[in-house]
Structures are given as structure tokens and as C-alpha cells.
Amino acid sequence: MQTPTPFSGVVSLGQLFPETLLHGGDVTARGCSRDWRRIRHGDLFVAIVDEDGDGHEQARRAVDRGAVAVIAERPLQLAVPVCVVEDTREALGLVCQTLAGYPAQQQITVAVSGTSGKTVTGELIASVLRAAGHRTSSLTNLGWHDGSYLDANGDKVLCHETLAHTLRQSADNACSHVVLEVSSAALAQRATAGVEWDLAVLTNLRSDHLDLHGTLPNYRRAKARLFSQLTPNGCAVMNADDPASRNLLASVDRPALTFGTQSDAQVSADLIEQLPSEQTFLLTTGDESIPVRTATTGTPHLANCLAAATAGLALGIELPTIARGLEALPVLPGRLERLDCGQDFSVFVDCADTPDQLGRALRALRSIIPGRLICVYGARSTHSRSSRAALGRVVERFSDLDIITNDNPGIEPHFQMVHDILDGYRRPAKARVMPSRADAITWALQQARSGDCVLVAGKGDRRGQYLSDGWHPWDDREYLRTSLYANTTAPTSPASRLLSFPAPEFLN
9 MQTPTPFSGV
19 VSLGQLFPET
29 LLHGGDVTAR
39 GCSRDWRRIR
49 HGDLFVAIVD
59 EDGDGHEQAR
69 RAVDRGAVAV
79 IAERPLQLAV
89 PVCVVEDTRE
99 ALGLVCQTLA
109 GYPAQQQITV
119 AVSGTSGKTV
129 TGELIASVLR
139 AAGHRTSSLT
149 NLGWHDGSYL
159 DANGDKVLCH
169 ETLAHTLRQS
179 ADNACSHVVL
189 EVSSAALAQR
199 ATAGVEWDLA
209 VLTNLRSDHL
219 DLHGTLPNYR
229 RAKARLFSQL
239 TPNGCAVMNA
249 DDPASRNLLA
259 SVDRPALTFG
269 TQSDAQVSAD
279 LIEQLPSEQT
289 FLLTTGDESI
299 PVRTATTGTP
309 HLANCLAAAT
319 AGLALGIELP
329 TIARGLEALP
339 VLPGRLERLD
349 CGQDFSVFVD
359 CADTPDQLGR
369 ALRALRSIIP
379 GRLICVYGAR
389 STHSRSSRAA
399 LGRVVERFSD
409 LDIITNDNPG
419 IEPHFQMVHD
429 ILDGYRRPAK
439 ARVMPSRADA
449 ITWALQQARS
459 GDCVLVAGKG
469 DRRGQYLSDG
479 WHPWDDREYL
489 RTSLYANTTA
499 PTSPASRLLS
509 FPAPEFLN
């Protein structure tokens, strides 16, 4: 299906999908939906088969509510025209972008994808663009920034309708650039259909997210779609340190720039200093270098900075401006976020909930922490048994003390999830199990001594816990701050400290 000439708030099926209409002539509409319950009179209904069911079975209900036509993947006997296409997800994207007036064509569009680092890299790129004076909008897992304000409570899931609305709002707000975090799920579900990127950034490509894609080849094919949507003059940015990304690079038919620290990349970095509170590195491209100091520490953040810097260079931004943009970004909520409440050990909160992400976070902290590494973590009901075992394997390898606790278990019995995690341990007796997340965090803080590090992983900035009886409010960062401030007193000398955390009830 070819992208048609832009429309303004109206879609013509005859022009968008020529030679596919059944039971009648051309149809125009000003709205569309995949949900028959949201159909308004004069809308198009798009029948999609997904986890919620087969939309084709609801087409008649959509017509009864006023749909003037139906887009489907098979012929249907209805009283309105039916447009049969090969992929209704692809069609929905084209319809949404047409109704929005193809706003991506009115601004420079940057797409960021990868197994890990998407959110931080997207925010870094937006910071670099703003440092260069470009009015920039961004949609990442942290929220929607319309060029002026951040809405952290808006829809962060990149679906067909959200993407069209986001791009339209960005263009209406006179943004010259827009940065989008694009997950493999969004690519696999064709949520980005109808949009072409000017720049596509792939942070890395690992074996996580197989719960969704089934096999690694399926996952790689989903990520490869990122580059198939580049404009004819578009450019790719890829990680030269990542073997899977290097293999994918050979199939990209657009110009590409590479970044890395361990390979022959066009943009590289040399680490100067790495502390729990910050890090400094020398950013280099060609014969030009500049020091950069960031508030977020760790090797994963260094790679994210390299990806963002390479994107900035691809967009024609000078290296000193790129450095200012990288340094301007504060520590992001729940992304290896350090909590300093006066204690003499380090406390970090990270959203890592896959084996690769958690392994990267633990390795990053291991390299900068002089003492023990204590990890509080758990598995979710959505994780496969193999993924849970992999979590256990990673934590046992890189932590000195670990506590398995609840992390959105839902209705699944906690002991089953713990059993699956322990399957990954070589020495299961090493693990501590505390179902209550509050108890697990409290116990971890009790064990910490000067120079140690406590990592609370899995939730990051997410607020809430899904238990067997439903959703409960919860914030790791809030609980940690409350505990630390309530139990830390100013030391009388550099060598003395007083911490008095109440013991969890089950230990009393």
C-alpha cells in the first residue's frame, strides 16, 4: 500500500485502497475505530484480530452504530461497503495518518527502538535537539512532551490512534522535530504504519521480549521494520558494539552511522571517571573530541549518550551543542535513579524487569560500588518461566545479597513465581524470599553498610502493584525515601552512622 497524497481530516477509501471496495462505490469518512463500541455515525470500522478477539465478528454491530464502511481481511456480507486488505493493522495506520493530515511529513521525525535504553536515549535526543534551539516534542515511556509541557499521565502506549494524535499535536504546536520511542510490540502490530522516519535509532538488539514475539527471528524481523519506514533520504543510527545490530546493518538500504566503545565506530567515547553520582567521558567523532559529564552513571547510560550524540550528528548538530544537550538531561525517574537521603551507602531504583536489563544495571553498579551489591527484585505474572529463571541466574551472578519479592504477581501464586526464579540459581539456598515488597526493601536497607549499594529493581517510576485482590498504590522511590529519611541521623564523625530500621513483622 502506497502513502497517498495528504488529506485534511477526511479519508477516501477509493483513493487510499483502490480496487478493493466491495458492495458499492467510494466512501469518505472523518473518523475510524477498531472498537465497535466507539464507532460514531459516519466512521469507518477496522476489523482487527487481536488478543481481545476477532473484530470481523463485531462488524455488524459497528454498522448498527453507524459505520459507513468496514475495512476487513476477508469478505463480509454487510449493508455497507467492505474494503478487503491484506493487513488491517497496516490499513488502520494509514487511515489514522490520513485523517490527521500526515503530520510526520511536516516535521523531522526521529524513531528510537531497541531492547533496552529506548526511553533514556529518546529523552537524550530530545534534550540535544532543544539545546540546538529546535522546538521538539517527544513521546516516551516517561510521558508526552508537546514542545512546552510534559504530561506524565497521558497515554504512553504507541497505538495507531495515539501516534496520529501525537504527531498532529506536535505539528500544531509548531514543533520542528518529534522524537518517538517505538517498541517492538508497536512495530509488530503495525502501529506505526503510514509514518516515515527521517532518522531511525536502534540502541541494541538482545533476546528479551520473546514472551511477545515467540522466537528470536520474529523479534529481529519486528525490529527490522524500523528501518523499512525510513524516508528515501533517511538515516540509520546503530550500535557497533552489539553483534545483532551489526548483522542487521548489512540489510539496511539507507546511510548509517555507528556508535560504540569497543569497536571501530564513527562515534566513540573514552570513560574518564565514573562515580555513583555522576560520570565523565570523552566524546569523539573523527578528529574532534569533547568532555561530557552526566548526572546518570553507568556503562548503559554511556551507550545511550553515544546513541543520542550520533543522532545529533546525523541531524547536523555541532559536537559542543550535543555535549550541552547530554549534560542538560537530569537523572530520569526510575532509570538507575540514585536516592541520596544522607545515608552512607548507595540506593538505586531501576525499572529493569528483564534479564538483559537487570544484568546491565547490576554490572553498571558493580563497576562503581566498593562494597556489596544488594538486589531486591521479582518476576511478573507476564514473564515466562524461562525468563524468570534467567532473572534468577543474572541476579545470583552479579549480586552479593538478593531478596526475591512480589512485582505485579496478579492472581498467580507467589510460590510458583519464586520456584521459577530459583530454577535459575546454582545455589538456591543463597536467595532470600520475602513476599511483601515493603518487608523486602526494609530488610535490604537493614543489611546495608557503608560503601554498599541497594538496587530495587522492576518498577522504577511505575506507581502501583497488582496483587491477587487487585491494584494497590505503591511507589518504590517514595517508600525508600520515607524509610531513609525516617531512620538516618547525622553521623557524629565520618566513621559513625546510626540506622535503625524496624524489623519486618514476620521476623519479630
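Here the sequence shown is numbered in the numbering used here, starting from 9 and rising by one per residue.
We put the beta carbon where it would ideally sit given N, CA and C, even for glycine.
Quantities reported herein were computed from a predicted structural model and do not represent experimental measurements.
The residue from T305, D415 and M442 with its alpha-carbon nearest to that of D484 is D415.
For V403, the number of other beta carbons within 10 angstroms of its own is at least 16, and it is reported as buried.
In the DSSP annotation of this structure, the continuous segment of the beta strand (DSSP E) that includes P240 starts and ends at L238 to N247. The C-alpha of M246 lies about 15 Å from the C-alpha of A277. Between D51 and A75 the beta-carbon gap is near 6 Å, inside 8 Å, which marks them as a contact. The C-alpha of V190 is placed about 8 Å away from the C-alpha of K126.
Per DSSP, V128 is one residue of the alpha helix (DSSP H) stretching across K126 to A139.
In this structure, the straight-line span from the alpha carbon of T305 to that of G468 is close to 16 Å. In this structure D348 is exposed. Its beta-carbon is surrounded by fewer than 16 other beta-carbon atoms within 10 angstroms. For L310 and V300, the gap between their C-alpha atoms comes out near 10 Å.
Around the beta carbon of P481, fewer than 16 other beta carbons lie within 10 angstroms, which makes this residue exposed.
Restricting attention to T293, Q282 and T288, the CA atom closest to the CA of G268 is found in T293.
When the alpha-carbon of H49 is set against those of P308, V88 and A80, the nearest one is in V88. If you draw a 10 Å sphere on the C-beta of R214, you find 16 or more other C-beta atoms in it, and that means buried. Counting C-beta pairs closer than 8 Å gives three or more between the stretch 441-449 and the stretch 409-426, which meets the contact rule. S178 is positioned such that its CB atom lies closer than 7 Å to that of S145. Here V57 is not near T36, since their CB atoms are 7 Å or more apart.
Boundaries of the alpha helix (DSSP H) around A446: R445 to Q455.
Spanning the alpha carbons of A196 and A397 requires a straight line of approximately 26 Å.
In this structure, A452 places its C-beta atom within 7 Å of the C-beta atom of I382. When Cβ pairs closer than 8 Å are counted between the two stretches, the stretch 222-238 is seen not to touch the stretch 142-160, the count staying below three. Secondary structure at L21: helix, using DSSP grouped into helix, strand and coil.
For D72, the enclosing alpha helix (DSSP H) starts and ends at A67 to D72. Beta-bridge partners assigned by DSSP to P299: L290. Between A372 and L366, the gap from beta carbon to beta carbon reaches 7 Å or more.
E169 and T200 have their alpha carbons spaced roughly 10 Å apart. Taken atom to atom, the span from the alpha-carbon of F423 to that of V355 is near 27 Å. In this structure L150 is not in contact with L291, their Cβ atoms being roughly 24 Å apart against a cut-off of 8 Å. For I411, the enclosing beta strand (DSSP E) covers residues L409 to I412.
Counting every other CB atom within 10 Å of its CB across the protein chains shown gives N255 a total below 16, marking it as exposed. Residue pairing by DSSP places C91 opposite L29 and I79 in a beta bridge.
Between the alpha carbons of V462 and A70 lies a gap of roughly 53 Å. H173: member of the alpha helix (DSSP H) spanning H168 to D180, first to last residue. Here C461 carries a strand assignment [DSSP, helix/strand/coil]. Taking C-alpha positions only, S135 is separated from G155 by approximately 11 Å. P421 and I429 have their alpha carbons spaced roughly 13 Å apart.
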